[in-house]
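Taking it in order: structure first as structure tokens, then the write-up.
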Amino acid sequence: MSDLRVTVAGVELKNPVIAASGTFGYGMEYNEFYPVSLLGGISCKGTTLKERAGNPPSRIAETPAGMLNSVGLQNPGVEAFLSIHLPWLLQQDTVVIANIAGSTLEEYCAMAERLEDSAVHMVELNISCPNVKEGGASFGTSCQSVEQVTAEVRRRCCKPLIVKLTPNVTSIGDMAAAAEAAGADVLSLINTLTGMRIDLRTRRPVLHNNTGGLSGPAVFPVAVRMVQEVYQRVSLPLIGIGGVSTWEDAAEMMIAGASAVQVGTANFRDPMAMPRIIEGLERYAEQNGMKSISELTGTLKKW
18 MSDLRVTVAG VELKNPVIAA SGTFGYGMEY NEFYPVSLLG GISCKGTTLK
68 ERAGNPPSRI AETPAGMLNS VGLQNPGVEA FLSIHLPWLL QQDTVVIANI
118 AGSTLEEYCA MAERLEDSAV HMVELNISCP NVKEGGASFG TSCQSVEQVT
168 AEVRRRCCKP LIVKLTPNVT SIGDMAAAAE AAGADVLSLI NTLTGMRIDL
218 RTRRPVLHNN TGGLSGPAVF PVAVRMVQEV YQRVSLPLIG IGGVSTWEDA
268 AEMMIAGASA VQVGTANFRD PMAMPRIIEG LERYAEQNGM KSISELTGTL
318 KKW
């Protein structure tokens, strides 16, 4: 039997398949389909300092080979996460990743301090949020802000720190290098691409927020390219995200340089997507004589 365990920033996952933030809640609903202990990890719903109601509807729209969402980080806030959801998650025998978001640097820092004393295994820093003090530009779209928010969170939290990169930039390699310089332990990529659909009857955007994040199979080739680009640029372990729907996608992402993958939109179409991906990776590793699935990472052969 091939060993599916992978180690990311000193944290051992029983396999490289992680539920992506914002698509899996806290795992309770999916646990009715299969024990979430099968998973390598769960990146929990994006958590903010205070409770958020999210954006007004409509905030989900289907697209060819994917979907747009502008949910707006609806969540119960960090205190509810720690008191209600985390105790259940810690009983599920899987790695728990707290995904944190904020509109100011101070909010990120407060979240980091609150989670430092918690039992979460890793922290994932969502830097695709608008920095309200800098005119609304995303924290993740300039090297300076990437480095600043990463460094400040790093100072306040010693847990393994994942920085989740946005693809809506001129050079994702530069952003990756900035996060690495500021103390990130892991990079996860990509977050959603910004997109829009229009209702022909009303000539208004389908989403009330006008634009939303595009996810699903449509973004997969972009994600693979960016993972490969970042793998060549930095020395940190990578978690590949973006349209991973099958075990073949997961294997491809790992060949491009990912140590693990996150699966998101696929869970909406097929609640059993992740168990199927895990089974497929195990078969692939055995058929190719691999002692460990980690042997796959970064093995791309360019022409």
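Under the numbering used here, residues 18 to 320 are what the sequence shown spells out, in order. Ideal Cβ placement from N, Cα and C applies to all residues, glycine included.
Under three-state DSSP, which class holds residue i?
{"i": "S311", "result": "helix"}
{"i": "T187", "result": "coil"}
{"i": "Q249", "result": "helix"}
{"i": "E68", "result": "coil"}
{"i": "T211", "result": "strand"}
{"i": "N143", "result": "strand"}
{"i": "V163", "result": "helix"}
{"i": "S205", "result": "strand"}
{"i": "T158", "result": "helix"}
{"i": "E96", "result": "helix"}
{"i": "N116", "result": "strand"}
{"i": "L103", "result": "helix"}
{"i": "S19", "result": "coil"}
{"i": "S232", "result": "strand"}
{"i": "V137", "result": "coil"}
{"i": "V88", "result": "coil"}
{"i": "S75", "result": "coil"}
{"i": "G58", "result": "strand"}
{"i": "A199", "result": "coil"}
{"i": "C126", "result": "helix"}
Please work out which residues of its chain come closer than 7 Å, Cβ to Cβ, to residue i, disregarding the five sequence neighbours upstream and downstream, and give them in chain order.
{"i": "Y248", "result": "L255, A273, G274, G315"}
{"i": "E49", "result": "none"}
{"i": "K308", "result": "S19, D20"}
{"i": "R171", "result": "L178, A199, G200"}
{"i": "G233", "result": "A82, G83, M84, G260, T282"}
Based on the DSSP output, what are the partners of residue i in its beta bridges?
{"i": "V279", "result": "Looking at the sequence provided, one finds Gln at residue 279 rather than Val. The partner list for Q279 (beta bridge, DSSP) reads I35, I258."}
{"i": "T80", "result": "G83"}
{"i": "P222", "result": "I215"}
{"i": "E29", "result": "T24"}
{"i": "K181", "result": "N143, S205"}
{"i": "G44", "result": "DSSP lists no partner for G44."}
Among the options, which has the Cα closest to the Cα of residue i?
{"i": "V223", "options": "I77, I114, P147", "result": "I77"}
{"i": "I144", "options": "H138, D134, C175, I179", "result": "I179"}
{"i": "P93", "options": "I117, P74, T80", "result": "I117"}
{"i": "L90", "options": "S38, R242, Q279", "result": "S38"}
{"i": "L298", "options": "K31, V25, A26", "result": "K31"}
{"i": "A290", "options": "V23, T24, L56", "result": "L56"}
{"i": "M243", "options": "V95, T209, E312", "result": "T209"}
{"i": "L317", "options": "A302, F285, V241, E296", "result": "V241"}
{"i": "P184", "options": "T167, R173, G212", "result": "G212"}
{"i": "P292", "options": "P33, L313, L122, R218", "result": "P33"}
{"i": "E151", "options": "T121, E169, S75", "result": "T121"}
Classify residue i: buried if its beta carbon has 16 or more other beta carbons within 10 angstroms, exposed otherwise.
{"i": "N86", "result": "buried"}
{"i": "W264", "result": "buried"}
{"i": "G306", "result": "exposed"}
{"i": "R300", "result": "exposed"}
{"i": "Y51", "result": "exposed"}
{"i": "Q304", "result": "exposed"}
{"i": "E79", "result": "exposed"}
{"i": "C175", "result": "exposed"}
{"i": "K62", "result": "buried"}
{"i": "I294", "result": "buried"}
{"i": "S262", "result": "buried"}
{"i": "K181", "result": "buried"}
{"i": "R131", "result": "buried"}
{"i": "T167", "result": "buried"}
Leaving out five residues before and five after residue i in sequence, what residues of the same chain have Cβ atoms less than 6 Å from its Cβ?
{"i": "H102", "result": "Y43"}
{"i": "E124", "result": "L66"}
{"i": "H138", "result": "V28, V112, V113"}
{"i": "E162", "result": "Per the sequence presented here, residue 162 reads as Ser, with Glu not at that position. Excluding positions up to five away in sequence, the list reads F156."}
{"i": "G71", "result": "V88, G89, Q91"}
{"i": "F98", "result": "T64"}
{"i": "G58", "result": "L30, I35, T111, V112, I114"}
{"i": "V236", "result": "L210, G259, G260"}
{"i": "M105", "result": "In the sequence under discussion, the amino acid at residue 105 is Trp, which differs from the Met named in the question. Closer than 6 Å at the Cβ level, and outside the excluded window around W105, lies no residue."}
Ordered along the chain, which non-local residues of its own chain (more than five positions away) have a Cβ less than 8 Å from that of residue i?
{"i": "L107", "result": "V113, A136"}
{"i": "R250", "result": "G190, A193, A194"}
{"i": "E197", "result": "L204, V251, S252, L253"}
So that I know if they touch, is there some Cβ in chain B lying closer than 8 Å to that of residue i?
{"i": "C146", "result": "In summary, chain B is missing from the structure at hand, where a single protein chain is found."}
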